[in-house]
Amino acid sequence: MIKSRKVKMLQSCLIFSLFIAAIQATGEFTVLNSPKAISFKGSDALESAYVGDVLYAAMGNAVTGDSKWGGMRINDPFDLAKGVIAIHVQGASHVTTSGNAKTYELVGSNTHTSLNALAAELEAANEPVCDINFEQYDSGVQSFKSCFGNSEAVAANPTKNLNPALHNADKQFLQEIGYINAAAENLAEMLKPSNVLIIRLSVDGIAKAHGEKSVAVDEANKLLSAAIGRLLAAAQKSSDSVLFVQSTDKDASSNLSRARREVLKADASNPYNLATTYNDDYPVIFNIILWFMVIFGLSLLAICYAIAAMDPGRDSIIYRMTSTRIKKDN
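Read left to right, the sequence shown gives residues -25 to -1, 1 to 305 (mature numbering (1 follows the signal peptide of the UniProt record, and there is no 0)).
1) Can you say whether glutamate 164 is buried or exposed, counting buried as having 16 or more other CB atoms within 10 angstroms of its CB?
2) Roughly how far, in whole angstroms, is the beta-carbon of serine 214 from the beta-carbon of glycine 58, given that I think they are within contact range, below 8 Å?
3) Go ahead and pull the three-state DSSP assignment for glycine 2.
4) What residue range does the beta strand (DSSP E) around serine 222 cover?
5) Measuring only the C-alpha atoms, how far is methionine -25 from glycine 83?
6) Would you check if there are 3 or more beta carbon pairs closer than 8 Å linking the region 66 to 79 to the region 198 to 214?
7) Classify tyrosine 257 as buried or exposed, calling it buried when 16 or more other Cβ atoms lie within 10 Å of its own Cβ.
8) For residue 358, report the span of its beta strand (DSSP E) as first-last.
9) For the candidate residues Asn8, Thr1, Asp193 and Tyr154, whose alpha-carbon lies nearest to that of asparagine 125?
10) Would you give the residue range spanned by the beta strand (DSSP E) that tyrosine 31 belongs to?
11) Among Thr86, Ser9 and Glu187, which one has its Cα closest to the Cα of arginine 48?
12) How is the beta strand (DSSP E) around aspartate 106 delimited, first residue to last?
13) Tell me leucine 21's beta-bridge partners as DSSP assigns them.
14) Going by Cα to Cα distance, which pick from Ile270, Thr134, Val129 and Val220 is closest to arginine 175?
15) Check whether the Cβ atoms of leucine 149 and alanine 128 lie closer than 8 Å to each other.
16) On the three-state DSSP scale, how would you describe serine 274?
17) By the three-class DSSP mapping on this structure, what secondary structure does histidine 142 have?
18) Can you give the beta carbon distance from glycine 46 to glycine 27, rounded, assuming they're within the 8 Å contact cut?
19) Could you have a look at alanine 234 and say whether DSSP puts it in helix, strand or coil?
20) With distance defined between alpha-carbon atoms, name the residue in Ser14, Gln147, Val178 and Asp51 nearest to threonine 78.
21) Got a sec? Which residues, its chain only, sit under 6 Å from histidine 185 by beta carbon, not counting five neighbours each side?
22) Check each candidate in Ala12, Lys120 and Ala67 and name the one with the smallest Cα separation from glycine 180.
23) Asparagine 138 to lysine 146, Cα distance in whole Å?
24) Could you tell me how far apart the beta carbons of lysine 167 and serine 114 are, in whole angstroms, since I believe they sit closer than 8 Å?
25) For a test of the three-state rule: what should DSSP assign to glycine 58, helix, strand or coil?
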């Protein structure tokens, strides 16, 4: 009797834990290709707000975030990724991948915002970025043309359930697949040479038109997986130092940027808003700099005072030139 109750309690706890994990995990972060200098290990979930920081650090840049994610390890800091290709799919929790891929759960729905911050930071450092956002279709097409020129992008062929004549979402998705295929064909001849290529698209329109668990969504997943595979093959052919990742986000509302300032949520890990904890070497370095500046300032003040109060003597050129007394020659 007691054992059966314990078993039921354990089952309830397990179901509750899985329910909480399912609520928090809204997508996936999948590494399809990485340079030998970078390895991805472990299975810790990654907060979606730090996706941009992971890509930025993979290129050898310093990041200022407070993420404790240990999935990425740098084996050789002198031979990091020379290029990054990121595919972000909105409205889907999973996209089928082939080959030796490493997948991590994404917590939260901030991938879109994190990629925006990555693109802005690279552009501020005068590093060219090709950010193609098909979630805003017209703007995405213009970005594609600025990166790849007027390359011909033939829309993917309709499938049994994806009918562009009936649904505008189907038509737009098939055209987006065509643009990804065109990017794969012209990756080595980009009009705008860039080390970072970000492509964003959404399958939320297809899910709304046909249903989230419809056959049309499965067909869209297969088309997208094949297009990403072609782009991956082109990236591997062009360079062996390319980091190729794909991310998914089930929450379709996360791509809406904030149009006004909002009150940020309090950090649950720091409820008392304590000051940042610094390294143990911080007070030592601070005292060295502080007392050096104090001694340097006092020394400079003493030298200036000594020079101002110095008596050069009557034989100096100053007294000879400024003396009002007329000397007679002997």
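Where a beta carbon is used, it is the ideal one built from N, C-alpha and C, also for glycine.
Straight from the coordinates:
1) In the sequence shown, residue 164 corresponds to position 189, counting from 1. Exposed, since its Cβ has fewer than 16 Cβ neighbours within 10 Å.
2) On the sequence shown, position 239 is the one that residue 214 refers to. On the sequence shown, position 83 is the one that residue 58 refers to. The pair is a contact, with the Cβ atoms about 6 Å apart (cut-off 8 Å).
3) For the purposes of this step, residue 2 is identified with residue 27 of the sequence shown, where counting begins at 1. In the three-state reduction of the DSSP assignment, glycine 2 falls in the strand class, which pools E and B.
4) Indexing the sequence shown from 1 puts residue 222 at position 247. It spans 217 to 224 - the beta strand (DSSP E) in which serine 222 sits, taken as one unbroken run.
5) For the purposes of this step, residue -25 is identified with residue 1 of the sequence shown, where counting begins at 1. For the purposes of this step, residue 83 is identified with residue 108 of the sequence shown, where counting begins at 1. Residue confidence for methionine -25 is low, a pLDDT of 48 falling below 50, so the modelled location carries little weight and cannot support an answer.
6) yes
7) On the sequence shown, position 282 is the one that residue 257 refers to. Classification of tyrosine 257: exposed, given that the 10 Å Cβ count is below 16.
8) Beyond the ends of the chain as shown, which are -25 and 305, falls residue 358; an answer cannot be given.
9) Taking the sequence shown and counting its residues from 1, one reaches residue 125 at position 150. Among Asn8, Thr1, Asp193 and Tyr154, the Cα nearest to that of asparagine 125 belongs to Tyr154.
10) Taking the sequence shown and counting its residues from 1, one reaches residue 31 at position 56. Per DSSP, tyrosine 31 belongs to no beta strand (DSSP E); it is in the alpha helix (DSSP H), 26 to 33.
11) As a working note, residue 48 is residue 73 in the sequence shown. Taking only the C-alpha atoms, the option nearest arginine 48 is Ser9.
12) Translated into positions along the sequence shown, residue 106 becomes position 131. Element bounds for aspartate 106: 104 to 108.
13) As a first step, residue 21 is located in the sequence shown; it is residue number 46 there, counting from the start. Bridge partners of leucine 21: Leu81.
14) Counting from 1 along the sequence shown, the entry for residue 175 is found at position 200. Ranking Ile270, Thr134, Val129 and Val220 by Cα distance to arginine 175 puts Val220 first.
15) Here residue 149 refers to the residue found at position 174 of the sequence shown. Here residue 128 refers to the residue found at position 153 of the sequence shown. Judged by their CB atoms, leucine 149 and alanine 128 are not nearer to each other than the 8 Å cut-off.
16) The count along the sequence shown starts at 1 and reaches residue 274 at position 299. In this structure, serine 274 counts as helix in the three-state DSSP scheme.
17) Locating residue 142 in the sequence shown gives position 167, where the first residue counts as 1. In this structure, histidine 142 counts as coil in the three-state DSSP scheme.
18) Counted from its first residue, the sequence shown places residue 46 at position 71. Counted from its first residue, the sequence shown places residue 27 at position 52. Contact flag wrong, Cβ pair sits at about 15 Å.
19) The sequence position of residue 234 within the sequence shown is 259, counting from 1. Annotation note: pLDDT 37 at alanine 234 (below 50); position unreliable, coordinate value reported separately. Looking at alanine 234 - three-state DSSP - the assignment turns out to be coil, as it is neither helix nor strand.
20) Stepping through the sequence shown from its first residue, residue 78 is reached at position 103. That would be Ser14, whose Cα lies nearest to the Cα of threonine 78.
21) For the purposes of this step, residue 185 is taken as the residue at position 210 of the sequence shown. Contacts found: Ala191.
22) Here residue 180 is taken as the residue at index 205 of the sequence shown, counted from 1. Looking at the Cα atoms, Ala67 is the closest of the given residues.
23) Stepping through the sequence shown from its first residue, residue 138 is reached at position 163. Stepping through the sequence shown from its first residue, residue 146 is reached at position 171. When rounded, the separation of the alpha-carbon atoms in asparagine 138 and lysine 146 is 7 Å.
24) As a working mapping, residue 167 is identified with position 192 in the sequence shown. As a working mapping, residue 114 is identified with position 139 in the sequence shown. The C-beta distance from lysine 167 to serine 114 rounds to 16 Å, too long to meet the 8 Å contact threshold.
25) Reading the sequence shown from its first residue, position 83 is the one you call residue 58. DSSP places glycine 58 in strand when its eight states are reduced to three.
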